[in-house]
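So the structure is just underneath, and the comments pick up after that.
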Amino acid sequence: MSSRAVPRSIEPDEVLSILAHIALPPTAPYHEWGVLDAIRSELERGGIPTKTDPFGQVHARVSAGGAKRALVFAAHTDHPAFEVIEASGKAGKARVLGGFRQRVFPPDVAVTVHGDAGGASFAAILTEPVADIEPLHNSTTVCRIDAEKPLAVGQFAVLDLPAADVAGDEIRMRAADDLAGCALIVSVLLALRGERAPHDVHAIFTRAEETGLYGARLAAEDGLLPRDAYVISVEASRALPGAEAGRGIVVRAGDLHNTFSNEAERYLRVARERLAERGIPTQRALLVGGTCEASSFVRLGWTATGIALPNINYHNAAADGGFAPEIVRLGDLLSGIALGVEAALAAGEDADESWWPDVRITPTVIRERLQRDRPKG
0 MSSRAVPRSI EPDEVLSILA HIALPPTAPY HEWGVLDAIR SELERGGIPT
50 KTDPFGQVHA RVSAGGAKRA LVFAAHTDHP AFEVIEASGK AGKARVLGGF
100 RQRVFPPDVA VTVHGDAGGA SFAAILTEPV ADIEPLHNST TVCRIDAEKP
150 LAVGQFAVLD LPAADVAGDE IRMRAADDLA GCALIVSVLL ALRGERAPHD
200 VHAIFTRAEE TGLYGARLAA EDGLLPRDAY VISVEASRAL PGAEAGRGIV
250 VRAGDLHNTF SNEAERYLRV ARERLAERGI PTQRALLVGG TCEASSFVRL
300 GWTATGIALP NINYHNAAAD GGFAPEIVRL GDLLSGIALG VEAALAAGED
350 ADESWWPDVR ITPTVIRERL QRDRPKG
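The sequence shown begins at 0 in numbering that gives the first Met the number 0 and counts up one residue at a time.
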């Protein structure tokens with residue numbers, strides 16, 4: 000069991016500050032630079048060095064002692080958005096990047112337009128959606144775009160929604176998926192500073208997840224992570240019955256396409272036991288509302304699992320079929336941070352669940368009883 004009466008963590012106000020900083024920059028597949036800068040800033044401000052891989056993805060690590068197993072926490076820095084593909088003055092066409100699958104595409108969608116080099120953003124309206132499937136970018140739609148200022152091919156547009164508005168336990172976000180997951184990982188790393196118990200925690204903040212899990216796939220294909228580490232994908236995934244907002248972080252047994260590693264999940268289950276003793280809620284479920292980066296690692300031969308924040312209005316899908324802020328709960332975020340810290344320490348000692356020693360070896364008396372011959376009548 001953990002030697003600490005209370006799991007190491009950071010204050011809720013600091014968590015919200017980290018979240019607000021990471022959520023503020025606009026982001027889209029292939030256009031994640033502002034979010035990556037914010038993550039880098041939060042980690043380095045906390046004394047945690049970072050590095051950038053050949054694909055622009057940010058890596059970090061905290062460790063102490065002789066950990067028996069390393070963990071890698073992974074979260075993506077993009078969110079479904081739009082990219083300008085044709086421009087003529089203030090008008091043009093914009094392609095959806097990623098999984099916006101609204102039942103009803105509203106007649107007018109308010110967005111803000113941005114460039115990767117910075118500069119002032121400006122407002123625009125999307126209209127006239129037309130089905131135009133492009134599998135390379137997980138895209139199904141092209142729209143007309145009319146803007147306040149001249150457009151340029153390669154600019155991107157995001158929904159004109161609050162970056163992160165907090166009301167009590169509710170956090171309404173333009174891109175909870177997966178900027179809330181990024182903030183969770185940053186908070187875990189910061190919480191582990193100064194922890195003396197053995198642990199070895201890596202983090203990767205990936206790109207272009209929404210268009211094809213591309214950043215995670217490249218990290219796996221090119222061996223950018225320790226091969227013997229266990230990967231934990233951190234997501235803000237669709238809230239479902241049995242994985243409900245306000246009831247704690249969800250240990251994700253699998254997603255729409257794959258069941259994840261039982262061995263990697265072991266440390267999360269140990270962490271759940273430890274948190275339960277302290278009254279910190281967690282959940283466990285097979286989340287079939289989408290596909291996450293753990294699938295990339297599992298299919299490419301890695302040992303991987305996942306956790307998820309229950310996300311209301313996943314991918315900004317409003318109840319009426321249009322667009323709305325995604326909603327996650329602060330309590331679930333704090334639960335996830337505590338789970339991540341405890342999982343790191345469980346991996347450091349290679350801990351087993353409390354029930355497992357009771358079933359590892361069948362009792363001799365049972366073995367002998369089942370070996371008896373059937374009585375003769």
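Beta carbons: idealized from backbone N, C-alpha and C, even for Gly.
6 Å CB neighbourhood of residue i in its chain, flanking five on each side removed
i, result
"residue 66", "197, 198, 199, 347"
"residue 375", "none"
"residue 31", "76, 77, 206"
"residue 233", "72, 74, 180, 183, 184, 306"
"residue 271", "281"
"residue 264", "304"
Residue closest to residue i, alpha-carbon to alpha-carbon, out of the options
i, options, result
"residue 120", "110, 177, 332", "110"
"residue 63", "255, 191, 322", "191"
"residue 188", "38, 61, 364", "61"
"residue 158", "216, 323, 139", "323"
"residue 252", "351, 266, 246", "266"
"residue 330", "227, 70, 247", "247"
"residue 201", "184, 92, 212", "184"
"residue 286", "210, 270, 240, 298", "240"
"residue 139", "163, 115, 279, 104", "104"
"residue 215", "44, 8, 54, 48", "54"
"residue 123", "353, 81, 317", "81"
"residue 400", "291, 219, 312", "Residue 400 is absent from the model: the chain starts at 0 and stops at 376."
"residue 13", "357, 336, 115, 220", "336"
"residue 160", "325, 354, 33", "325"
"residue 136", "357, 344, 29", "29"
"residue 351", "358, 147, 269, 366", "269"
Contact belief for residue i with residue j at Cβ below 8 Å, rounded distance in angstroms
i, j, result
"residue 327", "residue 179", "5 Å"
"residue 464", "residue 204", "Outside the displayed span of the chain (0 to 376) sits residue 464, for which this structure offers no information."
"residue 125", "residue 143", "7 Å"
"residue 167", "residue 236", "Going by Cβ atoms, the distance from residue 167 to residue 236 rounds to 22 Å, so no, they are not a contact pair."
"residue 96", "residue 209", "7 Å"
"residue 254", "residue 294", "6 Å"
"residue 11", "residue 333", "6 Å"
Cβ neighbour criterion (16 or more within 10 Å) applied to residue i
i, result
"residue 382", "Nothing about residue 382 can be read from this structure; the chain reaches only from 0 to 376."
"residue 320", "exposed"
"residue 315", "buried"
"residue 149", "exposed"
"residue 107", "exposed"
"residue 372", "exposed"
"residue 221", "exposed"
"residue 98", "buried"
"residue 26", "buried"
Contacting residues, own chain, Cβ-Cβ under 8 Å from residue i (five flanking each side not counted)
i, result
"residue 243", "282, 309"
"residue 84", "91, 92, 93, 94, 141, 152"
"residue 225", "69, 71, 201"
"residue 381", "Limits of the chain in this structure are 0 at one end and 376 at the other, which puts residue 381 out of reach."
"residue 129", "140, 141, 142"
Residues of its chain near residue i, where Cβ-Cβ distance is below 7 Å and the 5 sequence neighbours each way are ignored
i, result
"residue 349", "67, 68"
"residue 49", "39, 42, 43, 57, 58, 59"
"residue 228", "69, 70, 71, 201"
"residue 88", "149"
Give the list of continuous alpha helix (DSSP H) stretches no shorter than 4 residues that lie fully inside the stretch 209–279.
213–220, 261–275
Ranges of the beta strand (DSSP E) found wholly within the stretch 277–350, counting only runs of at least 3: 281–285, 303–310, 325–328
List in chain order: all unbroken beta strand (DSSP E) runs of 3+ residues lying wholly within the stretch 149–195.
155–158, 163–166, 169–172
Threshold first: 3 residues or longer. Then list the beta strand (DSSP E) segments lying entirely within the stretch 5–90, N to C. 49–51, 57–63, 70–75, 80–87
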